[in-house]
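The next block holds one structure in the form of structure tokens; read it before the comments.
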Amino acid sequence: MPSAVEFAGVTKRYGRSVVLDGISAALPAGEIIGLLGHNGAGKTTLIKLALGLVTASEGKVSVLGSAPVGAGARRLRARIGYLPENVAFYGNFTGREVIAYFAHLKRAPEREAVALLDRVGLSDAAARPVRTYSKGMRQRLGLAQALLGAPDLFFLDEPTTGLDPLATQQFFDLIGELRAQGRTVVISSHLLAELEPHLDRALIVRQGQMVAQGTVADMHAAAGLPDTILARFTDDGDAALKAPWLAALALPLKHRGNGVLEIEVPAARKMVVMRRLIETGSLCDISLREPTLARLYAALGDGAKERAV
Amino acid sequence: MMANILTVARRELRDDLRNHWALAITGVFAALALAIAYFGAATAGHVGFTSFAATIASLVTLAAFVIPLIALLVAYDAIVGERDAGTLTLLLSYPLSRLELVAGKFLGHSVLLAVATLLGFGLALGVIEMAVPETRTLAALRNIGTFMISAALLGASFVALACLISAAAKEKARAAGLALLAWLALVILFDLVLLAALVLSGGSATEQALYPWLLLLNPIDVFRLINLTGLGAHGSSAFFMAMTGAHAYSPAVLYGALLAWTAVPLLAAAALFARTEM
């Protein structure tokens, strides 16, 4: 699959401060990619490099096959949608005027701009000055402007900040639609739990270094974290706890009350363990949890050296 | 390129209109112009509209103080204001070059100032024309035209300077301070320094030849020269008498100097802004 964005040995310094240190990554086209990391990890700087708002101190950046600065930058920017973190607009202008302004700059038809206001649920507020908008409404207006001109590539920096749960769900539905249309969406966020179900791939940045990149499934495998089995028994788990095979495996387990045992098990052995638990005869419910992205993030971040998975 | 400049300029102009800048500036220009024309000769013991040359000279003095101040006030936050508000990063992610953004801001604010100048001073001059019959001559109308055009150009040159300050400053407060310093330096200190240098040097022949050209380094002096020489009244100012002596400037040189005072800061602002990382 061709890359929508490529970073090759990219370092960014501000004076003596190294914000990004030798980042190399290829972001495949047509995927939803999470750019994950703490505040100040370097996520926004990576996006600004891709947008040509800052230039790399070392290394090379390529976006949709072009350099983001220089002669082809104007054409490239017409193909990119960007939602900055804490997006701000001109408070004296109405939502309709703001979107029309950005539509002119992107050579997008004004009727498209109006339709986008409707798409993000701002039609009723379109005639109101933006200064009267809530944070969530400004965020939705930001999303509408990012969609102007039907870009091939999106950079969305903390896009769900200020959105209520319904608007957040609508946002992810929209992202899913963009993915289905073959567009690439790069989402920078530290809200890992919210993002996890929607990602094809993730890049984890910590203190300016790439600590992991790959598909979420591959990251699970590479991190080697155990899965968690939650098993409920009619006998409070007595039969299972007395079973010699469980003692022999020496798996970490907790008694959660209400007859529920929580057992951490290596991914490779989960099927064997679950079968044995069923064989106890007292099992009435069982479920399996894979490590969350947050746990993966914590585990992969330790040591701060890249694991390409 | 031009489409982007016009888009930005229209937004700036609309913002200025919505903030009531246009109305306020026009009102200030008209009120001050009428007041200074009417009370300008109060120290000589009489009030009312007097000779046309004296009225224009008073208006030139007023415009030389007020137009630079208002131009700096309107445009000092052109770039740094967008940065402070958080809108600059988004704007620059669009197919919009930094030169286009600076040029659009400049154009929007310059048009506002030019329209306010024409309306404000035009209103005052209209009243004066009705009160002073001698203004109803072709020569007087030409002088009024010269005053209007040069006042608009003076405004544009200070809007360009404000854009440069705005591109250079890291914060809005610092830009405001720099704008005030620029006004002080060009409106007050520049002439004082030149005059002091003239007095202290004793006025050798080389210096006598140099001083008339030094006046071109200040757009306000250029504006005064355009209007006072046009009136044949630059002898009315002791400062210009001392500085220029019998030197005669061609209109092309004076207007060229004002245009250069617009183009150079504007290009410098664009160049400086192009090197700034977001």
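So the sequences go chain by chain: A and B. Each residue of the first sequence is one higher than the one before, starting from 1 at the first, in this note's numbering. Each residue of the second sequence is one higher than the one before, starting from 1001 at the first, in this note's numbering. We put the beta carbon where it would ideally sit given N, CA and C, even for glycine.
With respect to the beta strand (DSSP E) encompassing V186/A, which residues constitute its N-terminal and C-terminal limits?
Taking the first residue of the first sequence as position 1, residue 186/A is located at position 186. The continuous beta strand (DSSP E) containing V186/A extends over residues T184 to S189.
Taking only beta carbons into account, state which residues of the stretch 158-186 of chain A come closer than 8 Å to chain B, listed in chain order.
Among the residues of the stretch 158-186 of chain A, none has a Cβ less than 8 Å away from any Cβ of chain B.
Nearest-angstrom Cα separation, counted from G162/A out to K135/A:
Mapped onto the first sequence, residue 135/A falls at position 135. Mapped onto the first sequence, residue 162/A falls at position 162. Rounded to whole angstroms, K135/A to G162/A spans 6 Å at the Cα level.
Let me know the secondary structure DSSP gives M210/A once reduced to three states.
Looking up residue 210/A in the first sequence gives position 210. In the structure shown, M210/A sits in a strand (DSSP, three-state: E or B).
Based on the DSSP output, what are the partners of S3/A in its beta bridges?
Walking along the first sequence from the start, residue 3/A turns up at place 3. The beta-bridge partner set that DSSP reports for S3/A consists of P28/A.
If we cut at 7 Å on Cβ distances, does A1085/B have a partner in chain A?
Within the second sequence, residue 1085/B is the residue found at index 85, counting from 1. Yes, because at least one Cβ of chain A sits closer than 7 Å to the Cβ of A1085/B.
Pair within 7 Å by beta-carbon distance, A1152/B and A1114/B
What you label residue 1152/B is simply residue 152 of the second sequence in a count that begins at 1. What you label residue 1114/B is simply residue 114 of the second sequence in a count that begins at 1. Cβ distance < 7 Å, so A1152/B and A1114/B count as in contact.
Using only CA atoms, which one of T1055/B, H1046/B, G1104/B and L1101/B lies nearest to A1034/B?
Reading the second sequence from its first residue, position 34 is the one you call residue 1034/B. Correcting the residue type first, residue 1034/B is Leu in the shown sequence and not Ala. Closest option to L1034/B, Cα to Cα, is T1055/B.
With E1100/B as the anchor, note down where its alpha helix (DSSP H) starts and where it stops.
Residue numbering aside, residue 1100/B sits at position 100 when the second sequence is read from its first letter. Bounds of the alpha helix (DSSP H) holding E1100/B are R1098 to A1131.
Using a Cβ-Cβ cut-off of less than 9 Å, list which residues of the stretch 1087-1102 of chain B approach chain A; keep chain order.
Of all residues in the stretch 1087-1102 of chain B, T1087, T1089, L1090, L1091, L1092, S1093, Y1094, P1095, L1096 and S1097 have a Cβ within less than 9 Å of some Cβ in chain A.
Is A1009/B close to chain A, meaning its C-beta is less than 7 Å from at least one C-beta of that chain?
Residue mapping note: residue 1009/B aligns to position 9 of the second sequence, counting from 1. Not one chain A Cβ lies under 7 Å of A1009/B.
Okay, do the stretch 139-157 of chain A and the stretch 82-91 of chain A touch, 3+ Cβ pairs below 8 Å being the bar?
Flag = yes, the stretch 139-157 of chain A and the stretch 82-91 of chain A touch.
Cβ of N92/A within 7 Å of any chain B Cβ
As a working mapping, residue 92/A is identified with position 92 in the first sequence. Chain B places a beta carbon closer than 7 Å to that of N92/A, counting this residue as a contact.
Three or more C-beta pairs below 8 Å linking the stretch 1102-1121 of chain B and the stretch 1004-1013 of chain B
Yes, they touch.
Reference A1162/B, options V1060/B, H1020/B and G1108/B, closest by Cα
What you label residue 1162/B is simply residue 162 of the second sequence in a count that begins at 1. Selected option, being the one with the closest Cα: G1108/B.
For I99/A, which residues in chain B fall below 9 Å Cβ to Cβ?
The sequence position of residue 99/A within the first sequence is 99, counting from 1. Close partners of I99/A in chain B (Cβ separation under 9 Å) are lacking, with about 12 Å as the shortest Cβ gap.
Which residue comes first and which comes last in the alpha helix (DSSP H) that contains H255/A?
As a first step, residue 255/A must be located in the first sequence, where it is residue number 255. Going by DSSP, H255/A is part of no alpha helix (DSSP H) but of the beta strand (DSSP E) stretching over L253 to G257.
Residues near E1100/B by beta carbon distance below 8 Å, same chain, minus five either side
Start at 1 with the first residue of the second sequence, and residue 1100/B comes out as number 100. For E1100/B, the CB contacts under 8 Å within the same chain, skipping 5 residues up- and downstream, are M1001, N1004, I1005 and V1008 in chain order.
Might you give, ordered along the chain, the residues of its own chain that have their beta carbon closer than 8 Å to the beta carbon of T11/A, omitting 5 neighbours on each side?
In the first sequence, residue 11/A corresponds to position 11, counting from 1. V18, L20, D21, G22, I23, A56, S57, E58 and G59.
Closest residue to L941/B among A1176/B, M1130/B and L1069/B (Cα-Cα distance):
Look at the range of chain B in this structure, 1001 to 1278, and you will see that residue 941/B is not part of it.
Between the CA atoms of A126/A and K106/A - distance to the nearest angstrom
What you label residue 106/A is simply residue 106 of the first sequence in a count that begins at 1. What you label residue 126/A is simply residue 126 of the first sequence in a count that begins at 1. Rounded to the nearest angstrom, the gap between the Cα atoms of K106/A and A126/A is 20 Å.
In three-state DSSP terms, what is N1019/B?
Translated into the one-based positions of the second sequence, residue 1019/B becomes position 19. Correct three-state label for N1019/B: coil.
From D1016/B to L1112/B, what does the alpha carbon distance come to, in whole angstroms?
Taking the first residue of the second sequence as 1, we reach residue 1016/B at position 16. Taking the first residue of the second sequence as 1, we reach residue 1112/B at position 112. Going by the C-alpha atoms only, they are around 8 Å apart.
Shortest alpha-carbon distance to M210/A belongs to which of T168/A, R79/A and G9/A?
Sequence index remark: in the first sequence, residue 210/A carries index 210 (1-based). Minimum Cα distance to M210/A is reached at G9/A.
Which of the three DSSP states is assigned to I23/A in this structure?
For the purposes of this step, residue 23/A is taken as residue 23 along the first sequence, with counting starting at 1. In the three-state reduction of the DSSP assignment, I23/A falls in the strand class.
Chain B contact for Y82/A (CB, 7 Å cutoff)
Locating residue 82/A in the first sequence gives position 82, counting from the first residue. Chain B, which has a Cβ nearer than 7 Å to the Cβ of Y82/A, makes this yes.
Identify, in the order they occur along the chain, each residue of the same chain with its Cβ nearer than 7 Å to the Cβ of L1254/B, setting aside the five sequence neighbours on each side.
Here the question's residue 1254/B lines up with position 254 in the second sequence. Its chain contains V1222, L1225 and I1226 as the residues whose beta carbon lies nearer than 7 Å to that of L1254/B, once the 5 sequence neighbours on both sides are disregarded; these appear in chain order.
Proximity of T228/A and S282/A at Cβ, strictly below 7 Å:
Sequence index remark: in the first sequence, residue 228/A carries index 228 (1-based). Sequence index remark: in the first sequence, residue 282/A carries index 282 (1-based). Not closer than 7 Å, so no.
Exposed or buried, L117/A, counting other C-beta atoms within 10 Å across all chains shown (16 or more means buried)?
By one-based count along the first sequence, residue 117/A stands at place 117. Flag for L117/A reads buried.
Output the distance between the C-alpha atoms of E1171/B and V1264/B, rounded to the nearest integer angstrom.
Within the second sequence, residue 1171/B is the residue found at index 171, counting from 1. Within the second sequence, residue 1264/B is the residue found at index 264, counting from 1. Each residue's CA atom was taken as its position, placing E1171/B and V1264/B some 23 Å apart.
In chain D, which residues lie less than 7 Å from L51/A when you measure between Cβ atoms?
Any reference to chain D falls outside this structure, whose protein chains are A and B.
Could you check where the alpha helix (DSSP H) with S62/A kicks off and where it finishes?
As a position in the first sequence, residue 62/A is number 62, starting the count at 1. No alpha helix (DSSP H) contains S62/A, which is instead part of the beta strand (DSSP E) from E58 to V63.
Listing by chain order, which chain A residues have their CB less than 8 Å from the CB of D959/B?
With chain B represented from 1001 up to 1278, any question about residue 959/B goes unanswered, as that position is not in the structure.
If I measure Cβ to Cβ from A1257/B and keep anything under 7 Å in the same chain, skipping five residues before and after, which residues do I get?
Your numbering for residue 1257/B matches position 257 in the second sequence. The residues L1216 and V1222, in chain order, have a CB closer than 7 Å to that of A1257/B in the same chain once the five nearest residues on each side in sequence are set aside.
Straight-line CA distance for F1049/B to A1131/B?
Within the second sequence, numbered from 1, the residue matching residue 1049/B stands at position 49. Within the second sequence, numbered from 1, the residue matching residue 1131/B stands at position 131. Cα atoms of F1049/B and A1131/B: separation of roughly 7 Å, rounded to the nearest angstrom.
In whole angstroms, what is the alpha-carbon distance linking F1147/B and L1266/B?
Taking the second sequence and counting its residues from 1, the one referred to as residue 1147/B is at position 147. Taking the second sequence and counting its residues from 1, the one referred to as residue 1266/B is at position 266. The straight-line gap from Cα to Cα measures roughly 23 Å.
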